[in-house]
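First to last, the protein sequences are chains A and B. The opening position of the first sequence corresponds to residue 2 in my numbering, with each subsequent residue numbered one higher. The opening position of the second sequence corresponds to residue 28 in my numbering, with each subsequent residue numbered one higher.
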Amino acid sequence: MSEAFTTSTARNIFYGGTMFFLLVFLALTYQTEQVIPKRDKREMLADPMVVAGKKLWETNNCIGCHTLLGEGAYFAPELGNVVKRLGSKEAVMAFIQSRPTEGIPGRRSMPNFNFNEQQLKEIAAFLHYVSEIDTAKWPPNIQG
Amino acid sequence: MQYKSQAVAMPYFIAAIALFVAQILFGLIMGLQYVMGDFLFPTIPFNVARMVHTNALIVWLLMGFMGAAYYLIPEEAETELFSPKLAIALFWIFLVAAGLTVVGYLMVPYATLAKMTGNDLLPTMGREFLEQPLITKLGIVVVALAFLFNISMTVLKGRKTSIATVLLIGLWGLAIFFLFSFYNPHNVVRDKFYWWWVVHLWVEGVWELILGAILAFVLIKVTGVDREVIEKWLYVIVTLTLISGILGTGHHYYWIGTPESWQLIGSIFSALEPIPFFGMTLFAFNMVNRRRREHPNKAATLWALGTGVMAFLGAGVWGFLHTLSPVNYYTHGTQITAAHGHMAFYGAYVMAVLTIISYAMPIIRGRAANSNKAQVVEMWAFWLMTISITFITLFLTGAGILQVWLQRVSDSPMPFMVAQDQIALFYWMREWAGVFFLIGLITYIWSFFIPGEEKAKA
Numbered sequence: 002m003s004e005a006f007t008t009s010t011a012r013n014i015f016y017g018g019t020m021f022f023l024l025v026f027l028a029l030t031y032q033t034e035q036v037i038p039k040r041d042k043r044e045m046l047a048d049p050m051v052v053a054g055k056k057l058w059e060t061n062n063c064i065g066c067h068t069l070l071g072e073g074a075y076f077a078p079e080l081g082n083v084v085k086r087l088g089s090k091e092a093v094m095a096f097i098q099s100r101p102t103e104g105i106p107g108r109r110s111m112p113n114f115n116f117n118e119q120q121l122k123e124i125a126a127f128l129h130y131v132s133e134i135d136t137a138k139w140p141p142n143i144q145g
Numbered sequence: 028m029q030y031k032s033q034a035v036a037m038p039y040f041i042a043a044i045a046l047f048v049a050q051i052l053f054g055l056i057m058g059l060q061y062v063m064g065d066f067l068f069p070t071i072p073f074n075v076a077r078m079v080h081t082n083a084l085i086v087w088l089l090m091g092f093m094g095a096a097y098y099l100i101p102e103e104a105e106t107e108l109f110s111p112k113l114a115i116a117l118f119w120i121f122l123v124a125a126g127l128t129v130v131g132y133l134m135v136p137y138a139t140l141a142k143m144t145g146n147d148l149l150p151t152m153g154r155e156f157l158e159q160p161l162i163t164k165l166g167i168v169v170v171a172l173a174f175l176f177n178i179s180m181t182v183l184k185g186r187k188t189s190i191a192t193v194l195l196i197g198l199w200g201l202a203i204f205f206l207f208s209f210y211n212p213h214n215v216v217r218d219k220f221y222w223w224w225v226v227h228l229w230v231e232g233v234w235e236l237i238l239g240a241i242l243a244f245v246l247i248k249v250t251g252v253d254r255e256v257i258e259k260w261l262y263v264i265v266t267l268t269l270i271s272g273i274l275g276t277g278h279h280y281y282w283i284g285t286p287e288s289w290q291l292i293g294s295i296f297s298a299l300e301p302i303p304f305f306g307m308t309l310f311a312f313n314m315v316n317r318r319r320r321e322h323p324n325k326a327a328t329l330w331a332l333g334t335g336v337m338a339f340l341g342a343g344v345w346g347f348l349h350t351l352s353p354v355n356y357y358t359h360g361t362q363i364t365a366a367h368g369h370m371a372f373y374g375a376y377v378m379a380v381l382t383i384i385s386y387a388m389p390i391i392r393g394r395a396a397n398s399n400k401a402q403v404v405e406m407w408a409f410w411l412m413t414i415s416i417t418f419i420t421l422f423l424t425g426a427g428i429l430q431v432w433l434q435r436v437s438d439s440p441m442p443f444m445v446a447q448d449q450i451a452l453f454y455w456m457r458e459w460a461g462v463f464f465l466i467g468l469i470t471y472i473w474s475f476f477i478p479g480e481e482k483a484k485a
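Here it is as structure tokens:
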């Protein structure tokens with residue numbers, strides 16, 4: 002690199018460039034926060050079942066096998082659209098409840114989390130909420 | 028070794044390698060569960076193995092970064108470490124916290140662990156990579172702040188080089204962005220949006236500064252090229268990293284409920300992210316070609332060159348492969364992501380930490396370099412692990428392409444589990460490549476036990 006381009010020039014470009022793009026990023030974050038209320042179905046969070054469902058989702062580490070809107074582990078099906086795929090919240094509840102405790106010989110199987118009726122409703126309410134989020138038409142089809 | 032206190036790096040490096048072994052063993056368990064679904068079920072379900080696999084990786088890389096900082100900061104600042112005692116105390120705190128967390132993952136159901144550790148007070152658990160209990164997260168913050176205090180005070184009382192500055196910015200950024208792990212809104216879109224401020228701004232942001240600084244330090248030492256030249260390169264690389272990487276965060280904001288404008292911003296800026304990695308490749312090769320001395324530690328030079336190449340391939344090329352939004356629409360959340368993740372973490376961060384370990388450990392042990400025999404074994408380990416991870420990546424890429432086709436593109440898309448059965452062959456091949464990786468890792472550890480002959484003073 003040429004003599005004119007000194008280390009202190011490089012350093013200044015580093016600080017200036019970083020600060021500039023950090024500010025742009027913060028501005029875009031602000032803009033995102035303004036726009037997402039139209040897409041994120043936050044009104045559904047008024048239902049305490051949804052909020053409780055999210056906590057159940059987290060404290061059972063569902064993301065350790067599944068994806069949710071494409072993020073998570075890739076060991077088990079996408080759940081962002083599972084309510085639509087299985088057809089109803091009830092079908093999701095029935096699936097979760099029916100998991101065999103000792104698994105299925107030779108195959109991947111979801112553990113049975115021993116949810117009670119209330120918890121099953123909560124997790125289904127949460128998954129229903131996620132399925133309503135506007136995800137720019139992702140996933141490409143119902144299989145997730 | 029120029030400064031006695033640099034030796035505190037040693038326990039960090041040893042613990043890092045021990046956790047590396049745990050990471051790989053649990054990776055093999057998960058790989059087997061992909062094809063033998065009931066393996067260890069329900070004792071160690073997949074999600075538990077995955078937490079150990081990913082969390083062990085994060086913790087051992089952090090151990091490696093801390094060890095690297097403790098080793099190189101005194102030499103850069105030309106002064107003893109502010110407090111070697113603090114560094115040793117923090118090591119034990121961090122190690123015990125990490126150990127207890129892993130025991131917690133393995134011994135009690137996750138929901139019970141959450142209850143036991145105060146997740147009800149402030150729910151932060153159960154989000155990918157941030158699964159640690161609240162007390163562990165607080166422990167990480169305390170250790171990180173005390174570590175940064177120690178390192179910053181050392182730099183403040185000594186020489187302030189560009190390498191030390193870039194490393195400090197990277198480490199401070201790491202600690203600051205981790206604070207977003209305590210922010211967990213009920214709103215899933217906002218939860219995911221800020222979750223990436225930890226995950227993306229770490230691995231595609233500030234961690235690259237740490238990586239650049241480690242690479243620059245080792246290159247100065249093994250090539251003898253002027254500091255002026257190396258530091259200029261370093262600034263150019265980290266500038267490119269952050270001007271592409273900060274807005275590159277947008278490539279995670281395509282399908283999570285965020286505005287569609289991110290598709291354009293994310294595609295453009297993340298498409299630039301390979302450039303700084305290519306810069307690192309050029310940097311490493313250029314400096315080694317222009318070397319002014321023949322450093323006896325050939326293995327360290329090999330690791331430095333390997334980092335340059337594999338970081339570019341894994342993070343740069345494999346990242347670009349699925350970063351454009353029209354492509355990502357089909358590949359998002361498939362084995363393509365897993366393929367990229369494996370090679371990127373290995374090429375960028377694993378190899379960077381192994382580079383500094385390779386350079387520093389012989390010196391801490393009182394010799395400029397290990398014996399020729401030990402270096403030959405270490406280089407065998409380099410090739411075994413590097414080739415294995417390449418095959419793991421290729422097999423996962425094959426699995427991913429098939430998965431995308433069967434599940435998302437074809438006229439009659441298959442359900443997830445049906446598609447998984449179709450690609451089992453690729454998972455088997457990935458598992459075998461993983462076994463070779465483990466052999467490489469064992470070879471690597473063996474190289475430390477081969478006696479050193481060259482007694483030349485460092």
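Quick reminder that beta carbons are idealized off the backbone N, C-alpha and C, glycines included.
Under 9 Å by beta carbon: chain B residues contacting residue i
i, result
"A/Gly88", "Correct list: empty, because the minimum Cβ distance to chain B is about 14 Å."
"A/Leu23", "Leu269, Ile273"
"A/Ile37", "Asn214, Val216, Arg217, Phe220, Gly284, Thr285, Pro286"
Neighbour list for residue i in chain A, Cβ cutoff strictly below 8 Å
i, result
"B/Phe443", "Ala77, Pro78, Glu79, Gln144, Gly145"
"B/Pro69", "Thr102, Glu103, Gly104, Pro112"
"B/Ile292", "Leu29"
Within chain B, partners of residue i - CB distance below 8 Å
i, result
"A/Arg108", "Gly64, Asp65"
"A/Asp48", "Ordered by position in chain B, no residue passes the 8 Å Cβ test against A/Asp48, which lies about 11 Å from the chain."
"A/Leu128", "Here the premise fails: no neighbours, minimum Cβ distance about 10 Å."
Whole-Å CB distance - residue i paired with residue j, under 8 Å assumed
i, j, result
"A/Asn62", "B/Tyr137", "4 Å"
"B/Val216", "B/Gly284", "4 Å"
"B/Gly272", "B/Glu231", "5 Å"
"B/Gly479", "B/Ser398", "5 Å"
"A/Leu128", "A/Val83", "6 Å"
"B/Gly461", "B/Ile428", "Not really, about 20 Å apart at Cβ, beyond 8 Å."
Residue of the options minimising C-alpha distance to residue i
i, options, result
"A/Asn115", "A/Met94, A/Phe76, A/Glu79", "A/Met94"
"B/Leu299", "B/Leu348, B/Pro72, B/Gly333", "B/Leu348"
"B/Met444", "A/Cys66, A/Thr10, A/Asp48", "A/Cys66"
"B/Thr128", "B/Ala116, B/Ala141, B/Leu117", "B/Ala141"
"B/Gln29", "B/Gly54, B/Ile85, B/Ile100", "B/Ile100"
"A/Phe6", "B/Val344, B/Tyr98, B/Lys259", "B/Lys259"
"B/His213", "A/Ala53, A/Ala11, A/Gln35, A/Gln144", "A/Ala53"
"B/Gly346", "B/Ala331, B/Thr334, B/Leu329, B/Ala365", "B/Ala365"
"B/Thr276", "B/Met314, B/Phe244, B/Ser352", "B/Ser352"
"B/Leu149", "B/Ile414, B/Ser208, B/Leu238", "B/Ser208"
"B/Lys248", "B/Ala173, B/Thr266, B/Ala331, B/Ile292", "B/Ala331"
"B/Met93", "B/Pro323, B/Gln60, B/Leu122, B/Ile469", "B/Leu122"
Within chain A, the residues that residue i reaches when beta carbons sit closer than 7 Å
i, result
"B/His16", "There is no way to answer for residue 16 of chain B, as the model of chain B reaches only from 28 to 485."
Reduced DSSP secondary structure (H/G/I, E/B, other) of residue i
i, result
"B/Ala485", "Legend: pLDDT at B/Ala485 = 46, less than 50; position of this residue unreliable, value from coordinates given subsequently. Note: B/Ala485 maps to coil in three-state DSSP."
"B/Thr139", "helix"
"A/Ile105", "strand"
"B/Leu420", "The residue asked about is misnamed: residue 420 of chain B is Thr in this sequence, not Leu. Reduced to three states, the DSSP call for B/Thr420 is helix."
"A/Glu118", "helix"
"B/Thr144", "coil"
"B/Thr285", "coil"
"A/Gly73", "strand"
"B/Glu102", "helix"
"B/Glu255", "helix"
"B/Glu300", "coil"
"B/Glu321", "coil"
"A/Thr30", "helix"
"A/Glu79", "strand"
"A/Thr10", "helix"
Within chain A, partners of residue i - CB distance below 9 Å
i, result
"B/Met78", "Asn62, Gly65"
Neighbouring residues, chain B, relative to residue i (Cβ below 7 Å)
i, result
"A/Phe15", "Tyr262, Val265, Thr266"
Practice task
Anything in the region 51 to 66 of chain A with a Cβ closer than 9 Å to a Cβ of chain B? List those residues in chain order, please.
Solution key: Answer in chain order: Val51, Val52, Lys55, Lys56, Leu57, Trp58, Glu59, Thr60, Asn61, Asn62, Cys63, Ile64, Gly65, Cys66.
Exercise for the section: Taking only beta carbons into account, state which residues of the region 351 to 379 of chain B come closer than 8 Å to chain A, listed in chain order. Expected result: Interface annotation for the region 351 to 379 of chain B against chain A: Tyr356, Tyr357, His359, Gly360, Thr361, Gln362, Thr364, Ala365, criterion Cβ-Cβ distance under 8 Å.
Problem - Within 7 Å of chain A by C-beta, residues of the region 244 to 266 of chain B in sequence order - result: Result list: Glu255, Glu258, Lys259, Tyr262, Val263, Val265, Thr266.
Handout entry: Residues of the region 274 to 289 of chain B whose Cβ lies closer than 9 Å to any Cβ of chain A, in chain order
Key = Residues of the region 274 to 289 of chain B with a Cβ closer than 9 Å to any Cβ of chain A, in chain order: Leu274, Thr276, Gly277, His279, Tyr280, Tyr281, Trp282, Ile283, Gly284, Thr285, Pro286, Glu287, Ser288, Trp289.
Handout entry: Positions along the region 147 to 161 of chain B whose CB lies within less than 7 Å of some CB in chain A
Key = Listed in sequence order: Pro150, Met152, Gly153, Arg154, Glu155, Glu158.
Practice task
Taking only beta carbons into account, state which residues of the region 427 to 440 of chain B come closer than 7 Å to chain A, listed in chain order.
Solution key: Residues passing the 7 Å Cβ filter: Gln434, Arg435, Pro440.
Handout entry: Under 8 Å (Cβ pairs) to chain A, residues found in the region 108 to 129 of chain B
Key = Within the region 108 to 129 of chain B, no residue qualifies.
Practice task
Identify each residue in the region 318 to 334 of chain B for which the Cβ-Cβ distance to at least one residue of chain A is less than 9 Å, and report them in chain order.
Solution key: Those would be none; no residue qualifies.
Handout entry: the region 194 to 215 of chain B: positions lying closer than 7 Å to chain A by Cβ
Key = From the region 194 to 215 of chain B, only His213, Asn214, Val215 have a Cβ closer than 7 Å to chain A.
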